[in-house]
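To start, the structure under review is shown below, and the notes come after it.
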Amino acid sequence: MSSRTLLSLCRPAIHSSRRFMATEATQLSSSSTFEPVRSSVQPRKGKKPILNTAIILNRSPLITRTPTTFERAYYAYQARLRRALSNPFPYEFYFKQGSILETRFEMEEQKRERRAFGPTFGKPKEDDDKEKAAANRAAALQLAEQEGEFEEMMPRSHSSDEAKDYKSLDRRGKRNLYLLLKDANDFWRFPQGGIQKGELLHQAAQRDMYDECGKHMDAWIVSRNPIGHYRPPVTLSPEGTPLPEQVTFFFKAHILQGQCRPSENMKDFAWLTKQEIESYVDKHYWDGIKDVLSDN
Amino acid sequence: MLSLLQRFSPRIPATQVRCYARKAESGMDPKREIVRRSLYPNNRRNGPSPTGTWRPDVARAIQHAIPSVQAHNTIERAWLLHRRHVRKRREAELARKFDCMKGAMDELAKIDGHLYYEANRTENPRARSAVEQQMIRSLKSSEARAFDARIRGLVPRELHIPTDTPSRTGWNYDYKPFARPI
């Protein structure tokens, strides 16, 4: 983000809290991080909202995304061009004349030539000694098998994808997965909790996460800065007076190992992609959190 | 591209070929001969490759690789457009996330000045906090090293980099809890 766009975004905020933003204005142009400033602002008249912290626990993608058909075609085209224009391979420098390794490389190279340019390229050279050439080729194939070149790779889709196991951390390897908990009122939400006295927000976030999801997870909280906030709609108490406002601050965390073991209050948990979360949470919550999550 | 096609068209003779062939000296080490032939091949031309030569059937290869000049230009433009789309989508997502972060910080500033100050403070990543100092005294040396290894502000090395195929062992579900005060 350039500093100019940063300043233009910050301008509306400066109007509302001019006194302690004043020293920040000059520093913002040099760095894109928020500089610490001691606030000399009086607390707002009226009740302060109740602060909550929540954790957006993310399992990053495990495998690379599949290239589109256009991308694959373009890469193949560029590879063909490079191959046509590149220096001829110095066989005698890298391989001993008549060795098995040279035969193996030649076979592979001819296959690559035919794949790049068509069947008129990559024709095997006519040798005088046909038997020796055939024997060399057989030995080269044997060598390839010994070195494990025909080993099977793991498939890119996991069994939990077909089984639709939403608790598995191996599902949807290409996507970002987020942890959602089902609380006692049957609402799906991120792990959340209040703040204790003398505690900072990110410390409260970690404590709440381990309280609700169990300690058997290696979770790394990225930073002290919240990445988003959510104000639930104001509800009325049984007497008809409005209940105090609540604000939830979200913190980003990554899960590196382990699994969630929800506490007794929580009915269920699931690891979901951004699109799946939309169908689980209610509309107001979704509108508050959708811009925080990754599209991938 | 047009110049490349013209240059390697078969009807143009290779007038730029310089022959540096030397008579094979008797008693020359075969290894030195091989290295000399690799670095200075017989059919040197003024090409951009390190030894200044092309493959023997370069004209035919280029004819098969490039459909036509117009097709090549169209492919290039389509690729740049595709990259632009991907870039714009990524930048839009980042802008949305940044706006969320900024909104959250502004809210926090309005609500509680002390928490806002603490959220913005950068701490020394190499220093151990008081809680961590106390914890480390009760740990074994190997555990203490694992404890120190995770530095605030740095990505931990356990964060998996995406690969083309998943690992054979899959996700590690058996993790022994290891307390790390934040």
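Residue numbers (UniProt numbering), protein chains in the order written: chain A, 1 to 296; chain B, 1 to 182. For each residue, glycine too, the CB sits at the ideal point set by N, CA and C.
DSSP beta-bridge partners of residue i
{"i": "residue 247 of chain A", "result": "A:51"}
{"i": "residue 163 of chain B", "result": "A:63"}
{"i": "residue 291 of chain A", "result": "According to DSSP, which records beta bridges pairwise, residue 291 of chain A is partnered with nothing at all."}
{"i": "residue 217 of chain A", "result": "A:258"}
{"i": "residue 58 of chain A", "result": "A:178, A:254"}
{"i": "residue 236 of chain A", "result": "A:242"}
{"i": "residue 122 of chain A", "result": "Answer by DSSP bridge pairing: none, since residue 122 of chain A is not bridged."}
{"i": "residue 156 of chain A", "result": "For residue 156 of chain A, which the question treats as bridged, DSSP gives no partner whatsoever."}
{"i": "residue 280 of chain A", "result": "BP columns for residue 280 of chain A are empty, so no partner."}
{"i": "residue 230 of chain A", "result": "A:248"}
{"i": "residue 171 of chain B", "result": "The partner list for residue 171 of chain B (beta bridge, DSSP) is empty, contrary to what the question assumes."}
{"i": "residue 286 of chain A", "result": "According to DSSP, residue 286 of chain A bridges with nothing at all."}
{"i": "residue 189 of chain A", "result": "A:181"}
Inter-residue Cα distance where the pair is residue i and residue j
{"i": "residue 220 of chain A", "j": "residue 256 of chain A", "result": "7 Å"}
{"i": "residue 273 of chain A", "j": "residue 165 of chain A", "result": "13 Å"}
{"i": "residue 169 of chain A", "j": "residue 213 of chain A", "result": "14 Å"}
{"i": "residue 65 of chain B", "j": "residue 115 of chain A", "result": "11 Å"}
{"i": "residue 163 of chain A", "j": "residue 39 of chain B", "result": "59 Å"}
{"i": "residue 150 of chain B", "j": "residue 159 of chain B", "result": "12 Å"}
{"i": "residue 275 of chain A", "j": "residue 88 of chain B", "result": "20 Å"}
{"i": "residue 238 of chain A", "j": "residue 287 of chain A", "result": "27 Å"}
{"i": "residue 197 of chain A", "j": "residue 206 of chain A", "result": "15 Å"}
{"i": "residue 235 of chain A", "j": "residue 102 of chain B", "result": "26 Å"}
{"i": "residue 263 of chain A", "j": "residue 168 of chain B", "result": "31 Å"}
{"i": "residue 36 of chain B", "j": "residue 50 of chain B", "result": "14 Å"}
{"i": "residue 100 of chain B", "j": "residue 73 of chain A", "result": "38 Å"}
{"i": "residue 155 of chain A", "j": "residue 94 of chain A", "result": "35 Å"}
{"i": "residue 40 of chain A", "j": "residue 200 of chain A", "result": "Its pLDDT being 44, under 50, residue 40 of chain A is placed unreliably in this model, and the value from its coordinates should be taken loosely. The alpha-carbon atoms of residue 40 of chain A and residue 200 of chain A are separated by roughly 19 Å."}
{"i": "residue 110 of chain B", "j": "residue 122 of chain B", "result": "20 Å"}
{"i": "residue 75 of chain A", "j": "residue 70 of chain B", "result": "18 Å"}
{"i": "residue 246 of chain A", "j": "residue 265 of chain A", "result": "21 Å"}
{"i": "residue 28 of chain B", "j": "residue 104 of chain A", "result": "30 Å"}
{"i": "residue 179 of chain B", "j": "residue 277 of chain A", "result": "30 Å"}
{"i": "residue 289 of chain A", "j": "residue 146 of chain A", "result": "53 Å"}
{"i": "residue 136 of chain B", "j": "residue 155 of chain B", "result": "21 Å"}
{"i": "residue 148 of chain B", "j": "residue 133 of chain B", "result": "10 Å"}
Contact check, residue i vs residue j, beta carbons under 7 Å
{"i": "residue 227 of chain A", "j": "residue 281 of chain A", "result": "no"}
{"i": "residue 140 of chain A", "j": "residue 100 of chain A", "result": "yes"}
{"i": "residue 224 of chain A", "j": "residue 119 of chain B", "result": "yes"}
{"i": "residue 137 of chain A", "j": "residue 158 of chain A", "result": "no"}
{"i": "residue 55 of chain A", "j": "residue 249 of chain A", "result": "no"}
{"i": "residue 92 of chain A", "j": "residue 34 of chain B", "result": "yes"}
{"i": "residue 174 of chain A", "j": "residue 61 of chain A", "result": "yes"}
{"i": "residue 88 of chain A", "j": "residue 55 of chain B", "result": "yes"}
{"i": "residue 233 of chain A", "j": "residue 202 of chain A", "result": "no"}
{"i": "residue 127 of chain A", "j": "residue 133 of chain A", "result": "yes"}
{"i": "residue 180 of chain A", "j": "residue 270 of chain A", "result": "yes"}
{"i": "residue 153 of chain A", "j": "residue 53 of chain B", "result": "no"}
{"i": "residue 131 of chain B", "j": "residue 162 of chain B", "result": "no"}
{"i": "residue 93 of chain B", "j": "residue 295 of chain A", "result": "yes"}
{"i": "residue 342 of chain A", "j": "residue 254 of chain A", "result": "Residue numbering for chain A in the displayed model covers 1 to 296; residue 342 of chain A lies beyond these limits and cannot be assessed."}
{"i": "residue 209 of chain A", "j": "residue 191 of chain A", "result": "yes"}
{"i": "residue 170 of chain B", "j": "residue 125 of chain B", "result": "no"}
Element boundaries [beta strand (DSSP E), containing residue i]
{"i": "residue 193 of chain A", "result": "192-194"}
{"i": "residue 103 of chain B", "result": "No beta strand (DSSP E) contains residue 103 of chain B, which is instead part of the alpha helix (DSSP H) from 69-111."}
{"i": "residue 272 of chain A", "result": "268-272"}
Start-to-end residues for the alpha helix (DSSP H) that takes in residue i
{"i": "residue 179 of chain A", "result": "Premise fails: residue 179 of chain A lies in the beta strand (DSSP E), 177-182, not in any alpha helix (DSSP H)."}
{"i": "residue 64 of chain B", "result": "58-65"}
{"i": "residue 91 of chain A", "result": "91-94"}
{"i": "residue 77 of chain A", "result": "69-85"}
{"i": "residue 103 of chain A", "result": "100-117"}
{"i": "residue 131 of chain A", "result": "130-146"}
{"i": "residue 148 of chain B", "result": "141-149"}
{"i": "residue 36 of chain B", "result": "30-39"}
{"i": "residue 134 of chain B", "result": "130-137"}
Check: residue i C-beta below 6 Å from any heavy atom of the ligand FAD
{"i": "residue 285 of chain A", "result": "Of the ligands one can find in the structure shown there are none, so the ligand FAD has no counterpart to examine."}
Please determine if the region 106-115 of chain B and the region 47-57 of chain A are in contact, where contact requires at least 3 C-beta pairs separated by less than 8 Å. yes
The region 245-263 of chain A contacting the region 163-182 of chain B, beta-carbon criterion three pairs below 8 Å: yes
Report yes or no: do three or more beta-carbon pairs, one from the region 174-194 of chain A and one from the region 67-75 of chain A, lie closer than 8 Å? no
Would the region 115-130 of chain A count as touching the region 73-91 of chain A if we require 3 or more Cβ pairs under 8 Å? yes
Would the region 84-99 of chain A count as touching the region 53-69 of chain B if we require 3 or more Cβ pairs under 8 Å? yes
Is the region 93-110 of chain A touching the region 74-81 of chain B, taking contact as three or more C-beta pairs under 8 Å? no
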